[in-house]
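Report on the following structure.
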Amino acid sequence: MNSAAYSWHAFAERQDLAAALAGHVAGRLTNAIAERGTALLAVSGGTTPAKFFASLSNIPIAWNKVTVTLVDE
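With numbering that gives the first Met the number 0, the residue at position 7 of the sequence shown is 6, and numbering never jumps.
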């Protein structure tokens with residue numbers, strides 16, 4: 000039987016969470032671009048991810064190589 004591995008990260012403020020998530024996602028996008036020449040980012044709309052988007056926008060990413068699409072949660 001396989002079990003999913005996970006780790007818990009606590010953040011003092013929502014902005015700290017958003018910045019950490021943005022850094023992680025930016026790293027994954029950058030790695031995908033380096034490996035495949037392109038990347039895909041599927042995100043939820045609305046106001047929930049606003050702080051994440053603001054943090055992500057401050058990180059230099061080759062957005063011309065990223066396809067962004069919306070998901071319906």
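We treat Cβ as the ideally placed atom computed from N, Cα and C, and that holds for glycine.
Can you tell me which of the three DSSP states residue i falls into?
{"i": "residue 61", "result": "coil"}
{"i": "residue 67", "result": "strand"}
{"i": "residue 116", "result": "This structure does not reach residue 116, given that the chain is present from 0 up to 72, and the question cannot be answered."}
{"i": "residue 53", "result": "helix"}
Would you decide whether residue i is buried or exposed? Buried here means 16 or more other CB atoms lie within 10 Å of its CB.
{"i": "residue 28", "result": "buried"}
Are the beta-carbon atoms belonging to residue i and residue j less than 8 angstroms from one another?
{"i": "residue 70", "j": "residue 24", "result": "no"}
{"i": "residue 68", "j": "residue 37", "result": "no"}
{"i": "residue 11", "j": "residue 54", "result": "no"}
What does a CB cutoff of less than 7 angstroms around residue i pick up in its chain, not counting 5 residues either side in sequence?
{"i": "residue 6", "result": "none"}
May I ask you to list the residues that DSSP assigns as paired with residue i?
{"i": "residue 75", "result": "Absent from the structure is residue 75, since the part of the chain shown begins at 0 and ends at 72."}
{"i": "residue 41", "result": "68"}
Which same chain residues end up closer than 8 angstroms to residue i when comparing Cβ atoms and leaving out the 5 residues on each side of it in sequence?
{"i": "residue 40", "result": "24, 28, 65, 66, 67, 68"}
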